[in-house]
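See structure below.
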Amino acid sequence: MRATQKLMKVFVTRRIPEDGLRVLTESGICKIQQWDSDEPVPKEELLKRMSEVHGLYCMLTDKIDSEILQAAGPSLKVISTMSVGFDHLSLGEIKNRGIRVGYTPDVLTDATAELTVALLLATSRRLIEGTEEVKNGGWTSWKPQWMCGYGLAGSTVGIVGLGRIGLAVAQRLKPFGVKRFLYTGRQPRPEAAAKINGEYVPLHELAEESNFIVVSCSFSSETKGMFNKDLFSKMKKTAIFINTSRGAVVNQGDLYEALTTGQIAAAGLDVTDPEPLPTDHPLLSLKNCVILPHVGSATYATRNMMSVVTANNLLAGLKGELMPSELKL
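Counting along the sequence shown from 1, when you hit position 115 you're at 115 in this note's numbering, and nothing is skipped either side.
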């Protein structure tokens, strides 16, 4: 009977891992169209492809706004995003249209936590700067005070947003001999804090007392630009600032000033605003700022699993079934 049924139209906005694509192709319920590129689909092309689409498989970089939704019309039943973040989706209008949304929480927790720790160590121990000194001849001999950084043993680490990823970061840092964990956020999680003997404090107190500050909060109107000149001024001059959440939670102009004036010691960013960061951006000229191209979830296993969860969310939505991971609107 299935062969005689009309297949539902699905548009995939990027090349995705084979595992995820296989889930879609073997489902037998959908006809797949795909933007066959590693680069984002241009908006003009996306608008054309949305006609009579029943399911949309998208990425964090695809802005699904009212114009896109209007182009899709009433046929669109489900949007499945290959991301844990969803600030690229116009959730209010999506809800009004009765469209279901799938996303990928939990799947990328370990990979992002590992990357956060790696970025923290690379920044605090000046690893990128040290590598450059080896390459450019700056390494002439062993020197007692050359290329010194800051260690974790006996330190205080502040976690802004003790959710899944924030907790996973803290648990990985604990064996380094961190003396004290502070955390803050909209919804304190005592049960999570107990796992790391963490202490909830207001944001300004966390800024004042932490040697290392890790930002792992979600993006919202409340967190946009929260790390600004005022907050940087409260931090220790030896503070290391790490952001693997969203670039927009940081005022990058104020961060640049804090780094160049010695208000804080260094920063490590896996996220920026915009992305990609222009190659002539002032932050890229600084030795005490390590910037990565948003690779927090970039392990083969994680990206494969994300693609599969996204596909299964989409298929469940098309069939009117329970999604593995549905965003409740």
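Glycine included, each C-beta is placed from N, C-alpha and C at the ideal position.
Whole-angstrom C-beta distance between residue j and residue i, which should lie under 8 Å
i: I79; j: G158; result: With 8 Å as the limit, I79 and G158 do not qualify as a contact, their Cβ atoms being about 35 Å apart.
i: C217; j: G138; result: Incorrect: roughly 37 Å between the Cβ atoms, too far for contact.
i: F11; j: V53; result: 5 Å
i: I64; j: S27; result: Contact flag wrong, Cβ pair sits at about 22 Å.
Cβ shell of residue i (< 7 Å), same chain only, five flanking positions each side left out
i: S155; result: V178, K179, N211 and F212
i: D19; result: N304, S307 and V308
i: L7; result: I29, C30 and K31
i: V250; result: F227 and N243
i: A192; result: L162 and L167
i: T302; result: V107, L108 and A111
i: G149; result: S124, R125 and R126
i: D273; result: G247, A248 and Q252
i: I128; result: A122 and V290
i: G320; result: none
i: S83; result: M59, L60, Y103 and T104
Proximity below 8 Å, CB of residue i to CB of residue j
i: L277; j: T260; result: no
i: S325; j: P74; result: no
i: K31; j: G55; result: no
i: E93; j: S66; result: yes
i: V107; j: V295; result: no
i: M147; j: E133; result: yes
i: R100; j: G262; result: no
i: V23; j: A298; result: no
i: L69; j: R49; result: no
i: A170; j: F181; result: yes
i: L314; j: G102; result: yes
i: M59; j: T25; result: no
Nearest residue (CA-CA) to residue i, options the options
i: R125; options: G151, V309, Q34 and F219; result: G151
i: Y183; options: L173, L314, R172 and L167; result: L167
i: Q33; options: Y57, E18, A298 and F227; result: Y57
i: R164; options: K236, T109, H204 and A71; result: T109
i: G268; options: L115, A301 and E209; result: L115
i: A258; options: A248, K237 and V84; result: K237
i: V290; options: L21, D270, A192 and K143; result: D270
i: Y300; options: K9, T112 and P42; result: T112
i: F330; options: A248, L206, E208 and E191; result: Past the boundaries of the shown model lies residue 330; the chain is included only from 1 to 329, so the question cannot be answered.
i: E45; options: L21, A71 and T25; result: A71
i: E209; options: D280, I264, Q145 and R172; result: I264
Within-8 Å CB hit, residue i to chain D
i: Y183; result: Checking the listed chains, one finds no chain D in this structure; it contains a single protein chain.
Own chain residues within Cβ distance below 6 Å of residue i, not counting five before or after
i: F176; result: L152
i: Y256; result: P282 and L283
i: I16; result: S307
i: A266; result: T123, I240 and N288
i: G225; result: N251
i: L203; result: T184
i: L206; result: G158, L182 and T184
Own chain partners of residue i with C-beta closer than 8 Å, once the 5 adjacent residues on each side are dropped
i: T61; result: P40, H88 and E275
i: K95; result: L329
i: S37; result: R14 and R15
i: K9; result: C30, K31, Q33, E52, V53, H54, G55 and S75
i: L47; result: E67, I68 and A71
i: V215; result: V160, G161, F227, F241, I242, N243, T244, S245, V249 and V250
i: M1; result: Residue placement at M1 is poorly supported in this model, since its pLDDT is 39, which falls under 50; the coordinates are not used for a value here.
Segment contact, 8 Å Cβ cut-off, at least three pairs: the region 118-131 with the region 241-259: yes
Sufficient close CB pairs (3 or more, under 8 Å) joining the region 220-234 to the region 192-199: no
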